[in-house]
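Below: one structure, written as structure tokens.
Protein chains: 2
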Amino acid sequence: MRKVQGGVTAAKGFSAMGVHAGIKKDQKNDMAMIYSRVPCIAAGTFTTNQVKAAPVLWDQKMIYETPYSQAVVCNSGVANACTGEEGMDYCSEMAEIAAEELGIKKNMVLVASTGVIGQQLPIDKIRHGIKMLAPKLRSDQEGGHLAAQAIMTTDTVPKEIAYSFQIGEHTVKIGGMCKGSGMIHPNMCTMLGFITTDINISKHLLYEALSSDVQDTYNMVSVDGDTSTNDTVLLLANGLAGNPKITEKNEDYERFVEALHAVNEFLCKKIAGDGEGATALFEVQVIGGESKEQAKTLAKSIVSSNLVKAMIYGHDANCGRILCAMGYSCARFNPSIVDIYFESRAGKLKIVENGIPTHYSEEKATKILSEQEVTAIADVKMGTCQATAWGCDLTHDYVSINADYRS
Amino acid sequence: MRKVQGGVTAAKGFSAMGVHAGIKKDQKNDMAMIYSRVPCIAAGTFTTNQVKAAPVLWDQKMIYETPYSQAVVCNSGVANACTGEEGMDYCSEMAEIAAEELGIKKNMVLVASTGVIGQQLPIDKIRHGIKMLAPKLRSDQEGGHLAAQAIMTTDTVPKEIAYSFQIGEHTVKIGGMCKGSGMIHPNMCTMLGFITTDINISKHLLYEALSSDVQDTYNMVSVDGDTSTNDTVLLLANGLAGNPKITEKNEDYERFVEALHAVNEFLCKKIAGDGEGATALFEVQVIGGESKEQAKTLAKSIVSSNLVKAMIYGHDANCGRILCAMGYSCARFNPSIVDIYFESRAGKLKIVENGIPTHYSEEKATKILSEQEVTAIADVKMGTCQATAWGCDLTHDYVSINADYRS
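Chains as they are written, first to last, in this note's numbering: chain A, 200 to 606; chain B, 200 to 606.
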């Protein structure tokens with residue numbers, strides 16, 4: 200497996216584009232389209248929030264009820280959530296316009312929205328945007344890159360990645376893009392993520408690969424503890440790599456899962472590190488776990504704690520907050536045997552041994568915590584299971600961004 | 200029932216004091232003592248965090264194993280949490296020194312600590328503090344007030360209240376004090392709260408009254424979602440009011456419960472409104488609930504959401520965030536019939552009707568949200584149960600305070 204250039208247009212047969220349709224007040228791109236020149240099988244995972252945005256409901260229906268998808272249309276700026284039947288109608292209209300422009304069936308179009316909750320889509324602008332997008336679709340890197348830019352809201356950088364791997368003489372590619380960066384505490388899946396691949400695989404295995412991997416990737420990310428109404432990850436596979444169709448969990452499937460995981464993990468770290476207002480990517484590893492579930496619960500509790508996150512922002516090794524966050528999680532452990540370490544490019548330091556702070560150098564701890572990627576490792580010494588979660592620090596800018604998001 | 204002056208010294212026979220023992224770097228008071236001239240029965244509720252501070256373990260043991268308590272010693276600045284056996288020894292020593300100074304048994308002394316986790320108590324300063332406190336104990340308002348000041352950490356105001364009510368010809372008093380203001384998301388009880396009363400009541404009923412009321416008061420407060428290692432509420436009753444001993448749930452018991460609830464609710468609102476960095480007390484009422492549990496879960500999810508809290512700070516009526524926070528809670532409801540209102544001294548406004556934003560005046564909404572006490576009301580229209588939760592806004596100052604708490 201190797202990293203290749205590009206994102207959602209890396210795989211054979213996919214093209215994409217991003218444009219400014221006028222939904223956002225500034226001049227930033229706010230609509231994106233992904234298109235495959237042949238029909239794809241599609242898998243999706245969606246928010247577990249009971250308040251589901253209209254596009255989530257649309258995509259769930261399409262993915263489960265129709266055999267093939269061929270395009271995705273996405274807008275940023277307005278989330279089309281809490282918009283009732285009118286919102287569902289706009290969703291359907293969005294798919295219809297795209298289908299007309301692309302010459303495909305309406306039920307082969309998936310849609311996604313992100314932005315302010317509780318406002319209706321400006322459907323005239325959306326229509327105009329789709330009409331601009333369709334003729335501009337490009338299958339090169341630039342097409343994917345423009346799409347990745349167009350789905351951003353408070354993100355500061357576009358997030359895309361692609362890998363290739365071999366199945367016999369066939370080169371398979373998989374690429375993805377996603378957006379954060381607030382209301383991020385995915386459950387079952389995340390904000391918006393779009394992954395394309397030219398692998399030839401059964402729909403059943405495509406879904407299984409995705410839904411299994413999101414448990415260890417998107418579901419282990421938290422920016423602010425708020426699980427969005429719009430969380431969506433879509434995975435499209437068009438089969439153009441030409442490999443013999445994967446219909447069982449063989450070596451080829453494992454290779455695909457490995458590449459899919461690499462894409463998802465990369466995108467997750469990008470989301471966490473670019474969390475609203477963040478100055479650092481904060482990774483938490485829980486090792487020595489009795490079970491994977493225990494390790495995951497502890498890791499997610501630490502990475503979600505406001506006090507731990509503020510401590511990372513302040514480069515202050517206030518280790519009691521990590522123990523405290525472990526303690527109020529639902530996972531059982533023995534506080535009096537826990538070891539905790541901080542690690543970054545600046546070094547590694549044991550700050551807690553058997554539940555009690557060590558006499559570590561504050562100066563060294565601050566140096567370690569001042570890097571842009573910081574890891575906390577908690578060893579609960581109960582077994583061999585482990586888990587990793589990703590988040591970011593809690594900063595003044597997070598508050599600024601969210602105190603006045605709509606204006 | 201009527202409000203009376205004072206706090207923990209309002210009830211007959213109680214005295215208190217606060218002094219500066221040198222634990223905090225600044226010149227602020229950092230040690231407090233409460234004393235009853237006759238033995239009290241005591242009830243307590245404590246943190247459910249698995250990482251329990253040494254004083255929590257001490258108090259749990261004393262309250263369950265000894266029939267009477269007579270004094271409480273509390274320090275702020277160091278939490279005596281994550282301090283292992285050495286921390287337990289210091290706890291015991293703290294009780295021993297106080298017992299000697301007061302001429303009572305060591306197991307009649309309850310202790311409490313709040314402040315930085317993971318540091319050992321400066322026991323020489325503690326000893327000195329206790330020796331200063333004992334001879335200065337005062338039974339007037341000032342004694343209670345100085346104690347309330349001495350337990351503060353990042354609190355900006357002391358928090359105390361007292362009520363009196365009649366049982367026949369006997370006037371009963373109950374007063375309390377508490378401290379917040381970060382790592383506040385109590386489960387089973389709260390940070391530090393101390394309540395004194397001169398009522399004559401059985402230990403069993405005293406415990407039942409307290410443990411039942413904390414479910415609707417302290418457990419409904421959230422400042423930052425972090426459940427502390429030190430949460431403790433102690434309730435001491437010395438019987439000096441002279442009322443016939445309450446041994447069953449009769450009218451007298453109900454009167455006591457009402458007064459206890461008034462004290463607890465007042466203190467909770469004080470904690471929430473004085474949350475770290477807060478500019479506003481944020482109250483959430485869920486009405487029309489199918490069950491009390493459902494209403495509580497929804498209310499607490501709203502009040503704990505970082506995005507909702509940042510919105511309150513920005514005076515921005517971004518109602519989608521409230522629906523979103525309800526949606527990711529574990530409580531089932533129908534999003535498409537929910538109404539949401541904002542209310543404050545500046546008026547009341549329906550901002551969501553049947554799950555969709557109304558065409559409310561943004562100007563009026565901003566005016567309502569600009570008050571120091573703001574209420575959000577969510578009507579889920581499924582029944583007649585309701586619940587109230589208290590929190591505060593998420594501000595730049597919260598981040599400043601917690602990015603650099605220890606220095």
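Here a beta-carbon is modelled for each residue, glycine too, at the ideal position from N, C-alpha and C. The structure displayed is predicted, hence computed values, not measured ones.
Span of the alpha helix (DSSP H) around residue i
i                         : result
arginine 520 of chain A   : 519 to 526
methionine 351 of chain A : Methionine 351 of chain A -> no alpha helix (DSSP H), and no H or E assigned at all.
glycine 143 of chain A    : The structure shown does not extend to residue 143 of chain A, since chain A is modelled only from 200 to 606, so the question has no answer here.
lysine 491 of chain B     : 491 to 503
threonine 446 of chain A  : Looking at the DSSP string, threonine 446 of chain A is not in any alpha helix (DSSP H), and its letter there is neither H nor E.
cysteine 281 of chain A   : Segment: none, cysteine 281 of chain A is in no alpha helix (DSSP H) and carries neither H nor E.
alanine 564 of chain B    : 561 to 568
tyrosine 540 of chain A   : Taken as a continuous stretch (DSSP letters only), tyrosine 540 of chain A belongs to no alpha helix (DSSP H), being part of the beta strand (DSSP E) at 538 to 543.
leucine 409 of chain B    : 402 to 415
serine 312 of chain A     : No alpha helix (DSSP H) contains serine 312 of chain A, which is instead part of the beta strand (DSSP E) from 308 to 315.
Cβ separation of residue i and residue j, assumed to be a contact under 8 Å, to the nearest whole Å
i                         : j                         : result
methionine 510 of chain B : asparagine 449 of chain A : Wrong, their Cβ atoms sit about 50 Å apart, outside the cutoff.
lysine 223 of chain B     : glycine 276 of chain B    : 4 Å
glycine 519 of chain A    : valine 537 of chain A     : Glycine 519 of chain A to valine 537 of chain A, Cβ: 12 Å. No contact.
methionine 419 of chain B : threonine 587 of chain B  : 6 Å
aspartate 592 of chain A  : lysine 468 of chain A     : About 14 Å separates the two Cβ atoms, so there is no contact after all.
alanine 349 of chain B    : aspartate 229 of chain B  : 6 Å
lysine 378 of chain B     : glycine 221 of chain B    : Lysine 378 of chain B to glycine 221 of chain B, Cβ: 19 Å. No contact.
leucine 409 of chain A    : alanine 242 of chain A    : 4 Å
leucine 466 of chain A    : glycine 375 of chain A    : 6 Å
Residues of its chain near residue i, where Cβ-Cβ distance is below 6 Å and the 5 sequence neighbours each way are ignored
i                         : result
serine 338 of chain A     : Thr208 and Ser214
methionine 331 of chain A : Val218
threonine 574 of chain A  : Glu482 and Glu542
methionine 232 of chain B : Met216, Val272 and Leu332
methionine 387 of chain B : Because methionine 387 of chain B carries a pLDDT of 40, less than 50, the predicted location of this residue cannot be relied on, and no value is offered for it.
isoleucine 576 of chain A : Gln484 and Tyr540
glutamine 493 of chain A  : Ala530
glycine 407 of chain B    : Reading off the sequence, residue 407 of chain B comes out as glutamate, not glycine. Counting only Cβ-Cβ distances below 6 Å, and skipping sequence neighbours, we find nothing.
Boundaries of the beta strand (DSSP E) in which residue i is found, first to last residue
i                         : result
valine 579 of chain B     : Note, valine 579 of chain B: premise wrong, no beta strand (DSSP E); not H, not E.
leucine 480 of chain A    : 480 to 488
histidine 369 of chain B  : 369 to 378
methionine 230 of chain B : 230 to 245
isoleucine 325 of chain A : Segment 322 to 335 is the alpha helix (DSSP H) holding isoleucine 325 of chain A; no beta strand (DSSP E) there.
alanine 215 of chain B    : 213 to 218
glutamate 552 of chain A  : 546 to 552
lysine 202 of chain B     : 201 to 203
tyrosine 362 of chain B   : 358 to 366
Residues of its chain near residue i, where Cβ-Cβ distance is below 8 Å and the 5 sequence neighbours each way are ignored
i                         : result
asparagine 442 of chain B : Ile366, Gly367, His369, Val371, Ile398, Asn399 and Asp451
glutamine 204 of chain A  : Gln340 and Ala361
threonine 583 of chain A  : Gly487 and Gly488
serine 490 of chain A     : Gly582 and Cys584
lysine 547 of chain A     : Tyr540, Phe541 and Ile567
glycine 526 of chain A    : Pro534
Contacting residues, own chain, Cβ-Cβ under 7 Å from residue i (five flanking each side not counted)
i                        : result
serine 528 of chain B    : Thr496, Leu497 and Ser500
alanine 458 of chain A   : Met200, Tyr362, Phe364 and Ile373
cysteine 239 of chain B  : Tyr267, Ser268, Gln269, Leu435, Ala436 and Asn437
aspartate 255 of chain A : Per the sequence presented here, residue 255 of chain A reads as valine, with aspartate not at that position. Answer for valine 255 of chain A: Phe245, Thr246, Asn429 and Thr431, listed in chain order.
arginine 236 of chain B  : Gly212
valine 598 of chain A    : none
Selection of the region 520 to 535 of chain A by Cβ proximity to chain B, strictly under 8 Å: Answer in chain order: Arg520, Leu522, Cys523, Ala524, Met525, Gly526, Tyr527, Arg531, Phe532, Pro534 and Ser535.
- prompt: For the region 463 to 490 of chain B, which residues have a beta carbon sitting closer than 7 Å to at least one beta carbon of chain A?
  reply: none
message: If contact is defined by three or more beta carbon pairs under 8 Å, each pair taking one atom from either stretch, is the region 314 to 321 of chain B in contact with the region 275 to 285 of chain B?
response: yes
Selection of the region 293 to 318 of chain B by Cβ proximity to chain A, strictly under 8 Å: Taken in chain order, the members of the region 293 to 318 of chain B whose beta-carbon sits within less than 8 Å of a beta-carbon on chain A are Val315, Ile316, Gly317 and Gln318.
task: Quick one: which residues of the region 545 to 572 of chain B get their C-beta closer than 8 Å to a C-beta of chain A? List them in chain order.
output: Val551, Asn553, Gly554, Ile555 and Pro556
message: With three or more beta-carbon pairs closer than 8 Å as the criterion, would you say the region 304 to 311 of chain B touches the region 263 to 276 of chain B?
response: yes
message: Any C-beta of chain A within less than 9 Å: which residues of the region 497 to 511 of chain B qualify?
response: Ser503, Ser504, Asn505, Leu506, Val507, Lys508, Ala509, Met510 and Ile511
- request: Report yes or no: do three or more beta-carbon pairs, one from the region 298 to 305 of chain A and one from the region 240 to 256 of chain A, lie closer than 8 Å?
  value: no
message: Give me the subset of the region 409 to 432 of chain B whose CB atoms are less than 8 Å from a CB atom of chain A, sorted by chain position.
response: Asp423, Gly424, Asp425, Thr426, Ser427 and Thr428
Any 3 or more C-beta pairs closer than 8 Å across the region 556 to 575 of chain A and the region 557 to 565 of chain B: no
field: Cβ-based contacts, 7 Å cut-off: residues of the region 281 to 292 of chain B near chain A
entry: Cys281, Thr282 and Gly283
- prompt: Between the region 242 to 271 of chain B and chain A, which residues of the former have CB atoms less than 7 Å from a CB of the latter, in chain order?
  reply: Against chain A - using a Cβ distance shorter than 7 Å - the residues of the region 242 to 271 of chain B are Asn248, Gln249 and Val250.
field: Interfacial residues, the region 338 to 352 of chain B to chain A, with Cβ spacing under 9 Å
entry: none
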